[in-house]
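These notes concern the structure reproduced below.
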Amino acid sequence: MMLKLSNLVQRLQNLVKKLYTSRSPTVNKPRSLILLLILLFVLSFTIPLVAHQVSASTVIVQTQQNPLQLVEQAKKLYTTGQFEQAALIWQQTAEAFAAQGDKLNQAMALSNLSLTQQQLGKWTEAEQAIATSLQLLETQEQTPTQRRIQAQTLDIQGELELAMGRSQLALKTWQQAADIYKDIGDKQSFTQNQINQAQAMQESGLYRRACETLLAALEIEHQDLNISEQKLQNLSAKLATTGKLASLQVIGLRSLGDVLRVIGNRKDSELVLAESVKLAQQLGDTQNLAASYLSLGNTFLTLGNQKAQTEKITTPITFTSSQNCIAQANNTAVELYQQAAGCYHQAELSPDANTSTKAQLSLLSLLIQTQQWADISTLLPKIQPQLNKLPISHKAIYAQINLAQNLICLKSAINPQVSQLSSPLLQQCGVTQKKITNTGDNTLPPSLMPAWEDVAKIVTTARNHAQILQDKQAEAYALGYLGGVYQEIGDITNAQRLTEQALRLASSFNAPDIAYRWQWQLGRLRRIQNNQQGAVSAYTGAFETLKSLRQDLTAVINPEVQYTFRDSVAPVYREFVDLLLQGNNSQQKNLKQARDVIEALQLAELDDYFRDACIQAKPQQIDQVVDKATPKAAVLYAITLPERLELILKLPGQEKLEHYTTTVTQEELEKNLQQLIDRLNDKTSFAYEIQALSQQTYDWLIQPIQPKLAKNQVKTLVFVLDGMLRNIPMSVLYDRPSQEYLVQKYALVLTPGLQLINPRPLANVPLKAIIAGISKELNFTYENEYFHNLDFVPNELGEIEKEIQNHERLLDQDFMKNTLQQHLATANFTIVHLATHGEFNSDPEKTFIATWDRLIKIKDLDSLLRAGKRNQPISIELLVLSACETATGDSRATLGLAGVAVRAGARSTLASLWSVNDESTSELMGEFYRELVHTNGRKNMSKAEALQQAQLALLNNSDPNKQWERPYYWAPFVLVGNWL
């Protein structure tokens, strides 16, 4: 390709030599413009996207006076990485064109000079060159040629601004260029420009917007940023295999894969990045191949971390440089980690120093996370020399911060004593350390053992470089990190000074994603100094800042330093509640603020679960919902803290909140809950075995508030729960003195927060139901899912048919996704009852319900259940999922249940926490609908009361041939959402 390009340039040179010697001035100028256009297009098209950042050569090049020969010489020097010499020749080229009065060619040379100076990290000179180029272009007549050159120069300016950490300016600059490309009809340049814009959007935290931009640029069809399996499978056929468009697609796919990973579409990310790798291999593009390997490794690492949250890794993890990046099996966390390591080793081979260094840093993070001490000893000494070779840039600064974070995590792994008064930086470390089997002594050679002073030196270098670039964002990051390091050293005065300095800097350019971290750190520092008021002020600032970020919560997840929601966001809420409620503090101001923080945490967890903020919250309803409820309802907020369980109780008609503290450690609580979960899922467990465990939970959670509930004649108890408490049905909690389960005392309901509740009672409209189910076995090989038959589903649907006359029935082959969608789109159903397999999981991609022909993922359930409802007055009152189960060993699995309840748009969701394939389910469902529809002569029976009566019917079973009184049969059914 380069040979053909060289021949083309040579022919054009010969042509222009003739034109320059021609005596016709009217012909000479336009022809030189055509040459200019071709040369600038080649350079600006290739370089900003394929950044050949290799070491400059010392080859001496003789100056030639013919400017066209200088152009060719400069281009060759640039493409071979000899940037110092290329810059000299571009400068001479610009001067030569200026001497001839050829301002357009002079502008071209200056633009390429700026591009070359960027590679050398000479930012002031690069800014001067591009500014002069744009000024020259402004003086030229606006022709299609002039406008194309102007757009390409703006592309180079955007690249400069992005490299200097000015992502918002870069986005504006590229948008100006895009307008020109659209006007002149240059589709290919417009596509390149969109890929550039997406990069600036990512740097600004606008990941969803970046995803939309890339999908449009690559012409990939999607639904709410989800790419269907068929579209992904057909992606290869759509891609170009040669030429400039193919190179663009490699970069675009890689960028898309990165964004999909950040917004939570991890499997899509894996598939898209695999296509990017495949296409780069076909093109022989080693530089972009390495960059795609790096991105794919990051996706495998993310998938592995997700697996590690629910897996106990019992076998030693081993990594080798020969491990395959793209292997067949990636079903376990270990296999995914091994693939990530394989990808990083491939990316290390990149000719681009930035990519190679980032690969080493990512590999180091993985090695620390999995405690591979020998490999760390080999890799660590290589990294700092690599960093020192990089020219100063926004990326290089973040690479320094990334190294600092890795060293912090290394110190944490060697000495894992982290408290709430440590810097939040120590909480950014990987999830695997506590879950793996140690494979050896956790020691490093003394020479490699990082000291805090070493980390401080690295961060200080990053700060100094940020000041040189005038990159305030990077400087604010570095200052905050430096404050955190001083906090660990024990120099609290300097730690607070630097943290406050970072906050002032962040506030000067509106960076909430940076500000909340250092507000959080400042809160911890003030707690160390026993400055309660100051700590509350700092945590309030962090809390309010996070609320302002809600519309794009992924903005707080910085891929450069690998933040996660669980490490970087959730602790802020929990520590704030801890602070507000310390010392059994019952001040109403603090209690109400703590209640608001708990509600906000519930909402933030769902936002993170879906990776968007599509859920509409109405905070003003919290007290109104409870006070107006009939029969009387109370709401219990529970939040788990390391050393205690905090309870806040809202009673009906009372403005004052009640506060209780139970002294139980999180470890002790979770041990009890896990034992209870294991017993509940075992159908052979006797009632007394479950009661022994559930009594303890009752004593911690309910006993403190029981007198107030009785005094206020509460009939319905609403729970806003936290952590593993969400994984057990509250109905099974046992009061030993009265020998009653909680369901025998109260109607019960779960909610992810009252601000998500629509307080309307069951609509006074004729009930119309669609009832569907699967009774036969299903095998979805492409999803690696097999489901056994559900023999009693026909009975269950039959019981419902007896109670609701106006219904549509879909069983087995009739229960297809499209059939269900068509029915929902054409009729006003108020009840949707689905008796089919399903699973609630902490991963939205694994939260689904099964139809006869496919699995419906949670993100598709939204559009499915809302089909046809937007212009209709009646919404779904009740969604029933009677054969679902919660993923075992997944402490956050019930986020899937809450997610279904909220995302489906139904006012209430009734679901099972484990699947009970028994006649008892059809009996319970029949009784539930009898109570709900006919109410046995009573009026206004709530859905919570109807479920309570149905559960009691099984609990009070007197048939000696049935064991339905065991909690296994009646306890798994929970009501989520509106209980009225």
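For the sequence shown, position 201 matches number 218 in my numbering, and the numbering has no gaps at all.
All residues carry an ideal CB built from backbone N, CA and C; glycine is no exception.
Alpha carbon of residue i to alpha carbon of residue j, nearest angstrom
{"i": "Thr-843", "j": "Gln-298", "result": "49 Å"}
{"i": "Val-829", "j": "Leu-912", "result": "Position check: residue 829 holds Asp in this sequence, whereas Val was assumed. Taking the straight line joining both Cα atoms gives about 28 Å."}
{"i": "Leu-179", "j": "Pro-462", "result": "39 Å"}
{"i": "Ala-786", "j": "Gly-922", "result": "16 Å"}
{"i": "Val-931", "j": "Ile-475", "result": "A quick correction: the sequence has Trp, not Val, at residue 931. Going from the Cα of Trp-931 to the Cα of Ile-475 covers about 51 Å."}
{"i": "Ser-394", "j": "Ser-339", "result": "19 Å"}
{"i": "Lys-673", "j": "Ala-651", "result": "12 Å"}
{"i": "Glu-592", "j": "Arg-826", "result": "50 Å"}
{"i": "Glu-142", "j": "Gly-497", "result": "30 Å"}
{"i": "Lys-688", "j": "Val-681", "result": "11 Å"}
{"i": "Ser-925", "j": "Phe-336", "result": "48 Å"}
{"i": "Tyr-986", "j": "Pro-861", "result": "27 Å"}
{"i": "Asn-858", "j": "Leu-623", "result": "13 Å"}
{"i": "Asp-471", "j": "Thr-798", "result": "52 Å"}
{"i": "His-482", "j": "Leu-188", "result": "23 Å"}
{"i": "Lys-284", "j": "Gln-490", "result": "31 Å"}
{"i": "Ile-615", "j": "Gly-600", "result": "18 Å"}
{"i": "Leu-94", "j": "Gln-86", "result": "12 Å"}
Distance CB(residue i)-CB(residue j) smaller than 8 Å
{"i": "Tyr-654", "j": "Leu-618", "result": "no"}
{"i": "Leu-320", "j": "Leu-353", "result": "yes"}
{"i": "Phe-736", "j": "Leu-693", "result": "no"}
{"i": "Leu-235", "j": "Gly-182", "result": "no"}
{"i": "Ala-970", "j": "Glu-936", "result": "no"}
{"i": "Glu-12", "j": "Ser-184", "result": "In the structure as shown, the chain starts at 18 and stops at 997, and residue 12 therefore has no counterpart that could be examined."}
{"i": "Tyr-533", "j": "Thr-557", "result": "no"}
{"i": "Ala-168", "j": "Ser-128", "result": "no"}
{"i": "Gly-1042", "j": "Leu-442", "result": "Absent from the model: residue 1042. The displayed extent of the chain is 18 to 997, so no value can be given."}
{"i": "Gln-980", "j": "Ser-748", "result": "no"}
{"i": "Ile-893", "j": "Val-849", "result": "yes"}
{"i": "Ile-531", "j": "Ala-493", "result": "yes"}
{"i": "Leu-277", "j": "Ser-286", "result": "yes"}
Member of the options whose CA lies at the smallest distance from the CA of residue i
{"i": "Gln-756", "options": "Pro-769, Pro-721, Ala-786, Ser-711", "result": "Ser-711"}
{"i": "Ala-194", "options": "Asp-488, Asn-213, Met-181, Ser-184", "result": "Asn-213"}
{"i": "Leu-407", "options": "Leu-662, Leu-137, Glu-684", "result": "Leu-137"}
{"i": "Gln-671", "options": "Thr-682, Glu-663, Val-643", "result": "Val-643"}
{"i": "Gly-790", "options": "Leu-296, Leu-771, Pro-811, Gly-500", "result": "Pro-811"}
{"i": "His-362", "options": "Thr-335, Ile-330, Leu-311", "result": "Leu-311"}
{"i": "Ile-745", "options": "Pro-724, Asn-698, Leu-771", "result": "Asn-698"}
{"i": "Glu-856", "options": "Glu-802, Ser-880, Gln-123", "result": "Glu-802"}
{"i": "Leu-273", "options": "Asn-305, Lys-295, Leu-296, Leu-232", "result": "Leu-232"}
{"i": "Gly-916", "options": "Ala-900, Leu-941, Leu-878", "result": "Leu-878"}
{"i": "Arg-226", "options": "Val-279, Leu-154, Lys-819, Leu-734", "result": "Val-279"}
{"i": "Gln-174", "options": "Asp-200, Asp-203, Met-125", "result": "Met-125"}
{"i": "Ser-379", "options": "Ile-414, Leu-420, Pro-368", "result": "Leu-420"}
{"i": "Asn-511", "options": "Ala-473, Ser-525, Ala-528", "result": "Ala-473"}
{"i": "Ile-665", "options": "Gln-683, Gln-610, Asn-122", "result": "Gln-610"}
Element boundaries [alpha helix (DSSP H), containing residue i]
{"i": "Leu-895", "result": "That residue, Leu-895, is in no alpha helix (DSSP H); its beta strand (DSSP E) goes 895 to 903."}
{"i": "Leu-992", "result": "Where Leu-992 is concerned, there is no enclosing alpha helix (DSSP H), although the beta strand (DSSP E) it sits in stretches over 990 to 994."}
{"i": "Gly-558", "result": "549 to 565"}
{"i": "Ala-370", "result": "370 to 386"}
{"i": "Glu-813", "result": "810 to 820"}
{"i": "Val-294", "result": "283 to 300"}
{"i": "His-824", "result": "From DSSP, His-824 is part of no alpha helix (DSSP H) but of the beta strand (DSSP E) over 824 to 828."}
{"i": "Asn-481", "result": "469 to 486"}
{"i": "Leu-795", "result": "No alpha helix (DSSP H) holds Leu-795; the beta strand (DSSP E) holding it covers 795 to 797."}
{"i": "Thr-141", "result": "140 to 155"}
Opening and closing residue of the beta strand (DSSP E) in which residue i lies
{"i": "Ile-787", "result": "786 to 790"}
{"i": "Val-305", "result": "In the sequence under discussion, the amino acid at residue 305 is Asn, which differs from the Val named in the question. It is not in any beta strand (DSSP E) - Asn-305 instead sits in the alpha helix (DSSP H) that spans 303 to 325."}
{"i": "Tyr-803", "result": "802 to 804"}
{"i": "Lys-874", "result": "872 to 874"}
Inset, instruction - Identify every run of the beta strand (DSSP E) within the region 642 to 680, keeping only runs that are complete inside it and at least 3 residues long; order them along the chain. - result: You should have 650 to 657, 662 to 667, 675 to 679.
Inset, instruction - Tell me the start and end of each unbroken alpha helix (DSSP H) in the region 694 to 727 that is at least 4 residues and wholly inside, in chain order. - result: DSSP runs (the alpha helix (DSSP H)) wholly in the region 694 to 727: 704 to 718.
Inset, instruction - Within the region 93 to 130, note down every full alpha helix (DSSP H) run reaching 4 residues or more, in order along the chain. - result: For the region 93 to 130, whole alpha helix (DSSP H) runs of length 4 or above, ordered along the chain, are 100 to 116.
Inset, instruction - Go through the region 385 to 439 residue by residue and report every complete run of the alpha helix (DSSP H) that reaches 4 residues or more, in order. - result: Segments of the alpha helix (DSSP H) lying fully in the region 385 to 439: 390 to 406, 411 to 431.
Inset, instruction - Give, in chain order, every unbroken run of the alpha helix (DSSP H) that is at least 4 residues long and sits entirely within the region 496 to 531. - result: Within the region 496 to 531, the complete alpha helix (DSSP H) runs of at least 4 residues are 509 to 524.
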